[in-house]
Amino acid sequence: MKKILAFVMAAMMIIGMTACSGGANYTENNTEFIIGVSGPLTGGAAVYGVAVQNSAQMAVDEINAAGGLNGVMFKFIATDDTHDATKVAANYASMLEGGMQVSLGTVTTGPGLEYSKLSAEDNVFFLTPSASGDKIPEFDNGYQMCFADGNQGKVAAEYVNSLGLTEIGVFYKSDDAYSNGIFEQFKENLDPSIATVETVFTGEASDFSSQISTLKDCSFIFMPIYYQPASIFMTQAKGIIADNAVYYGCDGFDGLAGQFEDFSVIPQEVSMLSHFDSNATEGAAAEFVAKYTEKFGTDTLNQFGASAYDCIYAIYNAMNAAIEAGETIDVTISASELCEILKAQFNGGFTYSGVTGNDISWDESGYVAKGAVKYVLKEAN
Amino acid sequence: MINLKNAKWNHYINYIVVAAVTIIFAILSLTGFLESSDKYLLEKIAIAITLAVSLSMVVGFLGELSLGHAGFMCIGAYLGGKAAVILEPMLGEWPALIVSLVIGGAVAAIFGIIIGLPALRLRGDYLAIVTLAFGEIVRSIFMNSSKESFGGSLGLDTPRFNKDILFIIAFVMVLATLAVTQNLIRSKHGRAITAIRDNEIAARATGIDVTKYKLLVFAISSFFAGIAGVLYSYSNFTVQSTKFSYNYSIEILVMVVLGGMGNINGAIIAATLITFLDVELQTILTGNLAVLQDLIYALILIVLVIYNNAPALKPFREKYNIKTFIGRFRPHNPSKHKDDEAKWDRVPTKIKMDEVLSVDLQVSSPYTPDKPGKEGK
Amino acid sequence: MEFIETLINGLSIGSTYAMIALGYTMVYGIAKMLNFAHGDVIMVGGYMIYVGLTVSGNPIISFIAAVLSCIILGITIEKIAYRPLRGASPLAVLITAIGVSYLLQSSAQMIFGSAPKMVTVADLGSISFSGLTIPVYVLVTLICSVIIMVTLSLFVKYTRTGRAMIAVSEDKGAAQLMGINVNRIIMITFAIGSGLAAFAGLFMLMKSPSLSNTLGAMPGIKAFTSAVIGGVGSIPGAMLGGILMGVIEAFSLKIPAIAPYTDAIEFLILIIILLVKPTGILGKKRREKV
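Chains as they are written, first to last, in my numbering: chain A, 24 to 404; chain B, 14 to 390; chain C, 770 to 1059.
Here it is, written out as structure tokens:
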């Protein structure tokens, strides 16, 4: 009897949870434009998701304080996927059914692969701040604010080719889409005469002494990884890797300086190919850094956030531009209609200047075109 | 004519409820009343039930602790997914689904037998750690596979089945799992399996083929884990190996333990509630509240387990539970014939950590006397 | 030369694992439970060192504070989450341990934020002789862990409390009849295990300065594996298993072709060892009685 009752209760509960609304127009009751994102807000990758959440919220608050879009406010929702692709579908569906009209996709690449296909089915526009996988903008509703991994690898390889080295070290994360994506294209485009010493790590490893001892004779080390493991590597490599060596990374390096109380404890030169430098002292980037630091401190300050901040403004500007071009964007506009309007803008020569670059534009494939700059984060001591 | 009054309702109640729920939701889905989020949730629940019921065979009935269930699921997901990728253009959607379910399940079952082999030699925690190791090895192999074979770190792109129908298929698979598991457990083979659980040596002495039954249970359990894996690959656009870490195995184990060891209905309810709770917490607690998800989950877990298991709370539990609550409203009828069927499939499991294979703290002392057996063994 | 460096490196990784494995083994041997939250006590220890360093700036004071708070935490966890379940199924305790693990991780994220902290405990530099460069912390961890293992062995063997521990691990009921306070002994075991976790936290931070709420998760599992390799319940076994694990890890990371599979290789070796010796290398064989 107990079992039957428990079963019936479980069944009732499931039935109860399904708010029988039906119909696809989730946005008809919207009083604000709703922007959503799915990212890791907890777990090992939380720092990236939190940066995106903070920055996007900051941008939305600023836009709202300035009067929104012709008086209509924006609302930003961040859902947690803990960097797990399986959780994306539920996040996406709940946001969509909650009235989401436009989105920032996902923060990381793995879940992004799921998100891009889900959103393509419903034709929901997304401009991802940091899911840099080459396949993320696979469908025509997806755009990236960051550089695609393959492109970064290619540009990095061209830079290394131009240095005239004979041997370089590579340190990457073999189970990570970002790291692998860059490394593959890097390797493909690297001058075959340059020998590579490759070392890898996996998971959330925090001890790289083995890898460091393998790389200890390299004078140039390419590290297509995020700043957190990079900072560990550099700290551990002190005194083992030659002081005149160069660490070269991609946009994942940004945030590195914030990891150290005093960056000069690292004797080697550290530079990166990126679109944002969180140590910027001038321009829009510096302004963003100052605002972010004031609100959230430097703990989670990194290019993910900067990119997300730009994403919100880019979408806002594109909506404004569309209105100027004669489109009507009502607050209850459906995600799919807004997607068509935004796609027309992004494919039609819309440019945006912000924290992570000037005159940023997008091509039809969804990849971003903006200047990648080599930032020297730290000169050799 | 079937005598409805004397039918063993206890035996069929879970089929009836699962089938009824499936039919209700199928109708709701086909008439357009279900949102996508409900369908995703239902898929997840069905997969979780399949996993929990199949793990319950090993943990609850065979009495071996397995922490590698996600590994079998991983094999099913990757191989079934790969089969689906290859076969779908050739055979069409439905035949490809069926073939890949079979392939995913079968390969997982083969690995189940392989992992069952050490189980013949190892017990308790040692087996647990071997299964955990197995799961991690499988995951690591798929993680580092080449792009062409299984997609490596980017994961394997798999076809996603129509979400209006997939959850129905998944629930049909739940029914299949239940049918196989319960029929096995309620047969003489089931009695043999529980006999091995309760006392392996005695079981062996009575002529039970321990090797055969252990391998059989591992094979069936991993077969359905493989099936769950294939369903998982069909319910996602990509299969990414990060999902199948030991944490996921533990999550499944939690469902089995919360449901009550060796209690299939309990496992079903626990799997449903935990999955529901998980998804609800994930979608309700957004933004800055996201950090509360694990906190709430953990607190619920700790409180539930302590409430359900603490010896000190036993009188309290007996006083306040649904059964006595309902009993109050039921007319007392002493003349009613009580089914004296032995509830041997309800015997609470004791994993033999404590009894058979206890490992003692030892400081390289040359001789420590053997522990005297408990309970007059 | 490279061989020796890798070996030393492996020893240092291994001594951290050994430190964690000792805690696992103590708790397992006496309380007969898999304390999955052990790895997270390490994380708490790490955060306590961080807090201590920010407040006092003195590594020694902050380390002592970390050890004390870990001990208190261990005792609290035991009292609240595990003691009510004494006598219940070991699996139920396993599940609460997992709950405690989630609880500690998410509390750490709530309190300290999601960004990993960089903690520089003390820069000990490195010494080099005849072409070998060895960071000093490697030697410190190695020596510390050997000392701790020996002390622990002697403690268990020769002190009253230690012998009571053996008695409890042999047979709780009989131990109680002999006048041993079983609850107290188990509490002491948890205190020792958690104190060792603080040591492990220190070793990990000395090696790599990054501190996040998942710090203890994977090392915890690896250490558990090492404890099993060595034979659960055996103190020298835990040490041996940990060192073995570390050395395997160091060497397999050295070879590019198998480096991505490092975790898999460690686990594979575990399976092989257990198939050959079902109770681990130094584990005691038990006769099964009916």
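Yeah, the Cβ is synthetic: ideal placement off N, Cα and C, and Gly gets one too.
Rounded to whole angstroms, the separation of the alpha carbons of residue 110 of chain A and residue 248 of chain B is 11 angstroms.
If you draw a straight line from the Cα of residue 59 of chain A to the Cα of residue 327 of chain A, it comes to about 16 angstroms. If you check each beta-carbon in the stretch 105 to 122 of chain A against every beta-carbon of chain B, the ones closer than 7 angstroms belong to 107, 108, 109, 110, 112, 113, 114, 116, 117, 120. Chain-ordered, the chain B residues with CB closer than 8 angstroms to the CB of residue 856 of chain C read 324.
Chain C has no Cβ within less than 8 angstroms of the Cβ of residue 240 of chain A. Residue 382 of chain A: member of the beta strand (DSSP E) spanning 380 to 385, first to last residue. Counting along the chain, the unbroken alpha helix (DSSP H) around residue 918 of chain C starts and ends at 905 to 927. Spatial neighbours of residue 377 of chain A in its own chain (CB-CB distance under 8 angstroms, excluding positions within 5 residues in sequence) are listed in chain order as 307, 332, 333, 336, 337, 383. The closest CA to that of residue 868 of chain C, considering only B/316, B/326, B/333, is found on B/316. Burial is judged here by how many other beta carbons sit within 10 angstroms of a residue's own beta carbon; residue 385 of chain A has at least 16 and is buried. Residue state for residue 64 of chain A is assigned as coil, using DSSP reduced to three classes.
Against chain C, the beta carbon of residue 227 of chain A has neighbours under 7 angstroms at 983, 987, listed in chain order.
Under the Cβ distance rule, residue 161 of chain B does not count among the residues neighbouring chain C, no pair being separated by less than 8 angstroms.
Residue 394 of chain A is positioned such that its CB atom lies no closer than 8 angstroms to that of residue 371 of chain A. The Cβ atoms of residue 259 of chain B and residue 145 of chain B lie closer than 8 angstroms to each other. Taking a contact to require three or more Cβ pairs closer than 8 angstroms, the stretch 810 to 822 of chain C and the stretch 833 to 842 of chain C qualify as touching. Closer than 8 angstroms to the CB of residue 64 of chain A there is at least one CB belonging to chain B. Secondary structure note for residue 160 of chain B: it is in no beta strand (DSSP E), with a DSSP letter that is neither H nor E. In the three-state reduction of the DSSP assignment, residue 889 of chain C falls in the coil class, being assigned neither a helical nor a strand state. When the beta-carbon positions are compared, residue 352 of chain A and residue 345 of chain A come within less than 8 angstroms of each other. Under a criterion of Cβ atoms nearer than 8 angstroms, the residues of chain B adjacent to residue 100 of chain A are, in order, 299, 300. In this structure, residue 63 of chain B keeps its C-beta atom at 8 angstroms or more from the C-beta atom of residue 194 of chain B.
Identification of residues in the stretch 236 to 261 of chain A having a C-beta nearer than 7 angstroms to some C-beta of chain C yields 236, 237, 251, 254, 255, 258, 259, given in sequence order. When C-alpha distances from residue 321 of chain B are compared across C/1010, C/994, C/864, the shortest belongs to C/864. Within its own chain, the residues whose Cβ lies closer than 7 angstroms to the Cβ of residue 292 of chain B, once the five positions on either side in sequence are excluded, are 54, 57, listed in chain order.
A direct Cα-Cα distance of roughly 29 angstroms separates residue 225 of chain A from residue 915 of chain C. Of the candidates C/974, C/940, C/853, C/974 places its Cα closest to the Cα of residue 781 of chain C.
In this model, residue 142 of chain B and residue 862 of chain C are separated by some 17 angstroms (Cα to Cα). Taking the beta carbon of residue 1029 of chain C as reference, the chain A residues within 8 angstroms of it are 197, 198, 223, 225, listed in sequence order. When secondary structure is reduced to three states using DSSP, residue 162 of chain A falls in the coil class, being assigned neither helix nor strand. If you check each beta-carbon in the stretch 51 to 83 of chain A against every beta-carbon of chain B, the ones closer than 7 angstroms belong to 64, 65, 76.
For residue 809 of chain C, no CB of chain A lies under 8 angstroms from its own CB, so it is not counted at the interface with that chain. Counting C-beta pairs with one atom in each stretch, the stretch 214 to 233 of chain A and the stretch 243 to 255 of chain A have three or more that are closer than 8 angstroms, which means they touch. Annotation: residue 98 of chain A is outside any alpha helix (DSSP H); the continuous beta strand (DSSP E) that includes it extends over 97 to 103. Annotation for residue 944 of chain C: the continuous alpha helix (DSSP H) segment containing it runs 941 to 946. Under the Cβ criterion of 8 angstroms, residue 48 of chain A is not counted among the residues facing chain B.
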